[in-house]
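Residue numbers in the sequence shown follow our numbering, run continuously in steps of one, and reach 353 at the last position.
Here's the structure, in structure tokens; my notes come after.
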Amino acid sequence: MKSEDREKYSRQILFAGIGQAGQEKLLAASAVLVGCGALGTVAAGLLVRAGVGRLRIIDRDFVELSNLQRQTLFDEQDAREALPKAVAAERHLRAINAGVEVEGIVADLTPRNAAELLGGFPLILDGTDNFETRLLVNDVAISLGVPWVYAAAVGSYGVTMTVRPRETACLACLLETGGSSNGIGAHVGNEATCDTVGVLGSAAGAVASIEATEALKLLAGKPEALHGRLISCDVWAGKFQSIRVPRNPDCRACGRRELSYLEGDAQPHITMCGRDSVQIHERSRRLDLPELGQRLRAASTSEVRNNDFLLRFRVPPYEMTVFADGRAIIKGTKDPAVARSLYARYIGA
Ligand SMILES: [Zn+2]
């Protein structure tokens, strides 16, 4: 180990659970994080500071003012520039620890790109805000045989569980309690979201800290230290709970290996957490953003703004944000039909 690293990580090396050997493993390790919001920024910050050698961050969204209350890597300048979260996170994390290789990828994780984006990493971390994507991550982790750490937060409540294929229960064991395929999706769309009940930064921070600690145990070669339970907490009520989740021998995912979220069709549109909006991603195509910007300005569309990564304009009462991969986020509606017609009209069918 370089002497600078010995200094940088000295307090972690002193910690008996990690030590010099564990730190060397962390420096040589890698992980991939899906989603860089409240959970993801906390987990990524902890792992990069801890010296995990390489971190890939996948996020489809951009920074807004309403994120700053809980998304600890971002600042007001990021929100003014509407930087994609993956780009802003990469910049801030590189400034925090230049010794870590951080790679931000602006993309929506779908069944089509999941194996490519998550493959090759020994650990997947959940920083997402919806169960569709979590069940996709669960399917990919089972298919690749790699562990992943589930985490979620809403209101003052947070929950986390570490999934190790073949050894522990998976997310489908936990959620799809019906045991048959009619359990799929039963929890999707019904859960309380940050949209409806808000979220405390401290609730996300509490479970993301436990999530990051589980990652350190796995990457430092200490799987025996994993907590092995579903941990939940309510930081407002001051209550902590942990329960053991048994494997379901007939689980769709880890039992029968019906990886329906991975093998199914991509979700064309998803209502997102944190605001009244719909994402449209029906076709994968590259958009020429400067050209689109000129066309919209020529048509006197209001408030057309762009940076290197996205273009945004207003069609009152809606606001559309378009990414170079053809994706668009339409704010001001939850109706996919409205979103689809706006997309066709302003971006193209
Ligand atoms: Zn399972």
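Where is the CB? At the ideal position from N, CA and C, for every residue including glycine.
A quick note: this is a predicted structure, and the numbers were derived from the prediction, not measured.
Inter-residue spacing [alpha-carbon to alpha-carbon] between residue i and residue j
i	j	result
I22	R299	56 Å
G124	L87	27 Å
Q24	A54	13 Å
K89	R64	8 Å
R15	I214	18 Å
S7	L121	34 Å
L37	T305	36 Å
L113	R10	36 Å
A156	D133	7 Å
R301	V201	38 Å
R290	L315	13 Å
L223	D292	40 Å
K12	P340	49 Å
W152	P321	40 Å
A111	I284	13 Å
G297	V326	10 Å
P115	L18	42 Å
L140	D312	29 Å
V150	A303	50 Å
A216	S264	28 Å
A48	L59	8 Å
A207	V46	11 Å
H191	P227	Summary for H191: the model assigns pLDDT 38, below 50, so the residue's position carries little reliability, and this model does not support an answer.
E171	I146	11 Å
E80	R344	31 Å
L69	A83	6 Å
Chain B contact for residue i (CB, 8 Å cutoff)
i	result
V110	Reference to chain B is not applicable here, since this structure consists of a single protein chain.
Coil, strand or helix - residue i by DSSP
i	result
Y13	coil
S345	helix
A157	strand
I351	coil
P88	strand
D133	coil
I214	helix
R251	coil
C174	coil
G189	Note that G189 scores a pLDDT of 37, beneath 50, so its modelled location is shaky; the value from the coordinates is reported in the next line. Correct three-state label for G189: coil.
K243	strand
E94	helix
D143	helix
L60	First, the residue type needs correcting, since residue 60 is Arg and not Leu in the sequence shown. It is a strand residue.
G39	coil
L18	helix
G149	coil
L234	strand
G162	strand
Cβ-Cβ separation, residue j to residue i (assumed contact under 8 Å), whole Å
i	j	result
V104	I61	Not confirmed; about 11 Å, so no contact.
C177	C255	5 Å
A173	R251	5 Å
Y347	A328	Wrong, their Cβ atoms sit about 15 Å apart, outside the cutoff.
A35	D143	Not confirmed; about 19 Å, so no contact.
G57	A93	Rounded, the Cβ-Cβ distance is 17 Å, inconsistent with contact.
L220	L30	7 Å
Where the beta strand (DSSP E) through residue i begins and ends
i	result
E262	It is not in any beta strand (DSSP E) - E262 carries neither H nor E in the DSSP assignment.
V52	It is not in any beta strand (DSSP E) - V52 instead sits in the alpha helix (DSSP H) that spans A42 to A54.
A332	A332 to K335
L122	It is not in any beta strand (DSSP E) - L122 instead sits in the alpha helix (DSSP H) that spans A118 to L122.
G108	E105 to V110
S70	Run containing S70: none; DSSP gives neither H nor E here.
F327	Y322 to F327
L315	L314 to V319
V203	Where V203 is concerned, there is no enclosing beta strand (DSSP E), given that its DSSP letter is neither H nor E.
D339	First-last for D339: undefined, no H or E at that position.
D79	No beta strand (DSSP E) holds D79; DSSP gives it neither H nor E.
E307	S306 to N310
Endpoints, alpha helix (DSSP H) assigned at residue i
i	result
R299	L293 to A302
G23	G23 to L31
Given 8 Å as the limit, is there contact between the stretch 128-137 and the stretch 239-247, that is, 3 or more CB pairs closer than that? no
Three or more C-beta pairs under 8 Å: does that hold for the stretch 163-175 against the stretch 222-234? yes
Using 8 Å as the Cβ pair cut-off and three pairs as the minimum, do the stretch 41-57 and the stretch 76-85 touch? yes
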